[in-house]
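For reference, the structure discussed in these notes is given below.
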Amino acid sequence: MADLAALQRAFHAACTGAAPLASALPLVREDGVSPARRLRVYAHAYWSRIAGALAADFPKLRALLGAEAWDALVLPYLRAYPTRHPSLREAGAELATFFADRGEAGHADLARLERARTVVFDGPDGAGPLSRDQVIARPPEALPELALRLVPASALVELSTAADLVWDALEDGRPPPAAAPGPRTVLVWRRDLTVIHRTLEPDEAAALRCVQRGASFAEVCEALGEVLGPAVGLPLGLPLAPEDAAARAAELLLRWLDAAAIER
Amino acid sequence: MALFPHLGHGLGLRTQHYADATAGAGAGAGAGAGAGIDWFEVITENFLVAGGNPRRVLRAVRERWPIVLHGVSLSIGSIDPLDEAYLDQVAALCQELEPALVSDHLCWSSLGGHTVHDLWPLPYTAEALAHVAARVHRVQDRLGRRILLENPSSYATFAADELGEAEFFAELCARADCGILLDVNNVFVSCKNHGWDPHAYLAAIPAERVGYLHLAGHVREGDLLIDTHDHPVCDEVWALYAEAVRRFGTAATCLERDDHIPPLPELIAELGRARAVAAAQTAEPRAAARG
Chain A
1 MADLAALQRA
11 FHAACTGAAP
21 LASALPLVRE
31 DGVSPARRLR
41 VYAHAYWSRI
51 AGALAADFPK
61 LRALLGAEAW
71 DALVLPYLRA
81 YPTRHPSLRE
91 AGAELATFFA
101 DRGEAGHADL
111 ARLERARTVV
121 FDGPDGAGPL
131 SRDQVIARPP
141 EALPELALRL
151 VPASALVELS
161 TAADLVWDAL
171 EDGRPPPAAA
181 PGPRTVLVWR
191 RDLTVIHRTL
201 EPDEAAALRC
211 VQRGASFAEV
221 CEALGEVLGP
231 AVGLPLGLPL
241 APEDAAARAA
251 ELLLRWLDAA
261 AIER
Chain B
1 MALFPHLGHG
11 LGLRTQHYAD
21 ATAGAGAGAG
31 AGAGAGIDWF
41 EVITENFLVA
51 GGNPRRVLRA
61 VRERWPIVLH
71 GVSLSIGSID
81 PLDEAYLDQV
91 AALCQELEPA
101 LVSDHLCWSS
111 LGGHTVHDLW
121 PLPYTAEALA
131 HVAARVHRVQ
141 DRLGRRILLE
151 NPSSYATFAA
161 DELGEAEFFA
171 ELCARADCGI
181 LLDVNNVFVS
191 CKNHGWDPHA
201 YLAAIPAERV
211 GYLHLAGHVR
221 EGDLLIDTHD
231 HPVCDEVWAL
241 YAEAVRRFGT
251 AATCLERDDH
261 IPPLPELIAE
271 LGRARAVAAA
281 QTAEPRAAAR
291 G
């Protein structure tokens, strides 16, 4: 007679596909229905419940791959990255890694973007966004010391392909383009209750990485100066003139404030 | 004195009804007396998140209604250690919401740290009983309150079984001082799937330990009934519910729907049927309680 531990190990292995279903048949009573039929209910439910949750959290990736290919990937994914969290919300936490392991950079990036949107959706509430009026109300001489932080429900997503354009096309019902290689950074944030994302220009991405670490406005200006130096018509290799960096930083700051992306 | 509050007739809160619920649609006239929704049951794991809309909705609903926390991941029967991080989160949610009741399932759903997100059946053995009872004690100590465990719909029983499910529940309640969330639909489904007698099942459940009842729909798939929560309650389950109310009296009732979810008024109408069935039973002389 199997003890509790032995029974759970055998049942788990059979119903997750780690062992043949037949290996657990002797454990199960028949009572008018074959033990194999009974175990198949659990084996199917294990797969289908998690597959359903993944489909809900990665609708664009599923649309890109097609339902049949998507379904075929769920069990290999679950074998590679078994779910370890009490909430189904975390079932897709390693999906981007799974695709990266397979060398599918475009799929990994799209998974990364969709996962970030899920995480931001119910990420922490903050004190509220900083407004343009609140910044204007401060003395001008205090602006350099203004501490900038992204709202807590936000993420900077680093992509190696144009998966953001694939997302846009699928959202609009257009045929998705091939995910061309090249680094891109996407800001995902929650405004009120709505999750938004926007692809950043390279200098804006550098500035927001600085903000993400916690920076003053002056430090953002400095970071922009380092990034923009070679690209704005100044002699190659020289840093951006400080007043130009400050102007660009001010432009970006207003953009972030109007987007409700900076925490009060 | 009753072990559990009489909450009346409630609904399982689902995302499709968030807007209606936050607007106060279906609010009854008070616990146990309402014509609408007396309380909401919420799935604990859906609210173990930091913020955003789920937490906003939860706060809004809690302002207006009593809430019952209903978990699916306690894995009370697993040989794995209890998930302390999960218990910490549930304890924090209890502190924040002051739920009227806290429930989960008599099942196991994890092994070796792997969470399967399903309600797998336990063997009803003396060993499992001792194991589960000890863990219920620890959970109740951690949460500082009595918990209720639900009978799952099951599709397999084990050659090792030494007790019936209802007898297992009765003994567990005696040992661990916990309560029972009796899912009437699950009684029906499991009895059909295993050839058990649903009347004997209800008779073997200790009436004073039943904190609330669940109602839901199921489907037949060939030779088994499957607990899908995607249909209205069927007539046979209504009949069993009437019998349960006669036996368990004022236990609260929750209607669950997880798929093919209709507009809220439709569910409120179905809840009204539950209220009418319960009223008809309690208006009649109580049958002699068995067990």
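Protein chains in written order, with this note's numbering: chain A, 1 to 264; chain B, 1 to 291.
Where a beta carbon is used, it is the ideal one built from N, C-alpha and C, also for glycine.
- The three-state secondary structure of B/F158, taken from DSSP, is strand.
- The Cβ of A/L27 sits closer than 7 Å to at least one Cβ of chain B.
- Chain-order list of chain A residues neighbouring B/G217: empty, with the shortest C-beta distance near 17 Å, by a criterion of under 9 Å.
- Shown here is that no member of the segment 15–30 of chain B has a Cβ falling below 7 Å from a Cβ of chain A.
- Shown here, B/F188 sits in a helix according to DSSP, grouped into three states.
- Take B/T44, set aside five residues on each side of it, and the residues of its chain with a beta-carbon closer than 7 Å to its own are L69, H70, G71, V90 and L93, in chain order.
- Within chain A, the residues whose beta carbon sits less than 9 Å from that of B/G51 are D122, G123, P124, D125, G126, P152, A153 and R190, listed in sequence order.
- Of all C-beta pairs linking the segment 211–223 of chain A to the segment 146–166 of chain A, three or more are shorter than 8 Å, placing the two stretches in contact.
- B/E256 carries a coil assignment under DSSP once its states are collapsed to helix, strand and coil.
- Interface flag for B/S73 against chain A is set, since a Cβ pair is found closer than 7 Å.
- Within the same chain, and ignoring the five residues on either side of B/L97 in sequence, the residues whose Cβ sits closer than 8 Å to its Cβ are L58, R62, I67 and L69.
- As the crow flies, the alpha-carbon of A/R79 is around 28 Å from that of B/D88.
- Within the segment 93–122 of chain B, the residues whose Cβ lies closer than 7 Å to any Cβ of chain A are, in chain order, W108, L111, G113, H114, T115, V116, H117, D118 and W120.
- Residues of the segment 7–34 of chain A with a Cβ closer than 8 Å to any Cβ of chain B, in chain order: L7, Q8, R9, F11, H12, C15, T16, P26, L27, V28, R29, D31, G32 and V33.
- Judged by DSSP in its simplified three-state form, B/R220 adopts strand.
- Residues of chain A whose Cβ lies closer than 7 Å to the Cβ of B/I79 are, in chain order, L4, A5 and Q8.
- Using beta-carbon distances, A/T97 does not count as an interface residue toward chain B, since no partner is under 7 Å.
- Chain order gives the chain B residues near A/H85 as T115, where near means a beta carbon separation below 7 Å.
- For the pair B/V184 and B/V237, the CB atoms are nearer than the 7 Å cut-off.
- For A/F99, the enclosing alpha helix (DSSP H) stretches over residues L95 to D101.
- In chain order, R38, V41 and Y42 make up the part of chain A whose C-beta sits under 7 Å from the C-beta of B/Y155.
- The criterion of a C-beta distance shorter than 7 Å is satisfied by B/L119 and B/H105.
- Judged by pairs of C-beta atoms under 8 Å, the segment 176–190 of chain B touches the segment 133–152 of chain B, as three or more such pairs exist.
- Taking a contact to require three or more Cβ pairs closer than 8 Å, the segment 16–25 of chain B and the segment 251–271 of chain B qualify as touching.
- Per DSSP, the beta-bridge partners of B/E41 are B/G12 and B/V68.
- In the pairwise beta carbon analysis, the segment 100–108 of chain A is classified as not touching the segment 116–136 of chain A: fewer than three pairs are separated by under 8 Å.
- Annotated as proximal: B/H9 and B/R275, with beta-carbon spacing under 7 Å.
- Three or more beta-carbon pairs separated by less than 8 Å are not found between the segment 213–231 of chain B and the segment 163–175 of chain B, which leaves the two stretches without contact.
- Taking 7 Å as the CB threshold, A/I50 lines the interface with chain B.
- Between B/D80 and B/S110, the C-beta spacing is below 7 Å.
- When A/A51, A/A10 and A/R174 are compared, the shortest CA-CA separation from A/P76 is found for A/A51.
- The Cβ neighbour count for A/H197, taken over all protein chains shown within 10 Å, is at least 16; the residue is labelled buried.
- Distance check between B/Y124 and each of B/R135, B/R220, B/W39 and B/F158 places B/F158 closest, using alpha-carbon atoms only.
- Closer than 7 Å to the CB of B/F158 there is at least one CB belonging to chain A.
- Taking 9 Å as the cut-off between beta carbons, the residues of the segment 216–250 of chain B near chain A are E221, G222, D223, L224 and I226, in sequence order.
- Against A/A45, the close residues of chain B are D118, in the order they occur along the chain (beta-carbon pairs closer than 7 Å).
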